[in-house]
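Single-structure report; data block below.
Numbering (our numbering), first residue to last: 31 to 280.
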């Protein structure tokens, strides 16, 4: 509900908001990202890009940087920070050294080089351009093909990874919670699961509190097993000697 309200405010209406959220959902499913986390992280970027020079490129930029996050196995916090930095840049109307190097660069290793290459300059030249405020938002749009060329080959493996599977699972779990939040069956199931986890927790605590007893029992058992094994070997040796002696007497 909060996301619906946020995106409705961004796009001045429920219909347009639903279209944009459907797009984000499709991308999240394609890439193996949690839909709610992704939509929440990207809301500032979409808000800031509206009415800017990159408004028409916002979806492509979102998709390319999402692909980058997946291929580089960025954490939820890193991905959120990445879109926060993009949103701050969009709100200022140009790329600044602080967002690009200190924020975006910390969350996405190598992004400084990607932006430099997309502009056809060296990293040293990019530094100077940033200081002079000469790097416009179009640099983000220009970075899209560079990102896809440089990281695209790793994308198929990334979207089929365990991490991506967990992302899709999180989305389905969020769907279940949203669609069944008020049903008695779900409440009963959650209460049952809570009870099972509580019992398991108490069992673990009880075991940890009596670890000395368990250690003693295990030590006694190991010693008993060792003694039994030794006795069997001794008995076997004595039997063999008896057989050998009997054979010699014959």
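Note that beta-carbon positions come from the ideal geometry of N, C-alpha and C, so glycine has one too.
Go through the region 128-185 residue by residue and report every complete run of the alpha helix (DSSP H) that reaches 4 residues or more, in order.
Segments of the alpha helix (DSSP H) lying fully in the region 128-185: 141-149, 153-161 and 168-181.
Tell me whether residue 170 is buried or exposed, calling it buried when 16 or more other Cβ atoms sit within 10 Å of its Cβ.
Locating residue 170 in the chain shown gives position 140, counting from the first residue. Its Cβ being crowded by 16 or more others within 10 Å, residue 170 is buried.
Please classify residue 80: does DSSP put it in a helix, a strand, or coil?
To locate residue 80, count along the chain shown from 1; it is residue 50. Residue state, collapsed to three classes: coil.
Are the region 60-76 and the region 145-157 touching, with three or more C-beta to C-beta distances below 8 Å?
At 8 Å Cβ cutoff, the stretches do not touch.
If you count every other CB in all the chains shown that lies within 10 Å of the CB of residue 130, and 16 or more means buried, which is it?
Against the chain shown, residue 130 aligns to sequence position 100. Under this definition residue 130 is a buried residue.
At which residue ranges does the region 192-221 contain complete beta strand (DSSP E) runs of 3 or more residues, listed in the order of the chain?
Within the region 192-221, no complete beta strand (DSSP E) run reaches 3 residues.
Using only CA atoms, which one of 85, 82 and 92 lies nearest to residue 70?
Within the chain shown, residue 70 is the residue found at index 40, counting from 1. If we check each option's Cα against that of residue 70, 92 comes out closest.
Could you check the C-alpha separation between residue 151 and residue 181 for me, to the nearest Å?
Stepping through the chain shown from its first residue, residue 151 is reached at position 121. Stepping through the chain shown from its first residue, residue 181 is reached at position 151. If I take the Cα positions, the gap works out to 20 Å.
For the alpha helix (DSSP H) containing residue 48, list its first residue and its last residue.
Within the chain shown, numbered from 1, the residue matching residue 48 stands at position 18. Residues 44-61.
Just mark residue 45 as buried or exposed, buried being the case when its beta carbon has 16 or more other beta carbons within 10 Å.
Sequence index remark: in the chain shown, residue 45 carries index 15 (1-based). That one is exposed.
Kindly indicate which residue of 121, 101 and 110 has the alpha-carbon position closest to the one of residue 80.
Numbered from 1 along the chain shown, position 50 holds the residue referred to as residue 80. The shortest C-alpha separation from residue 80 is found at 121.
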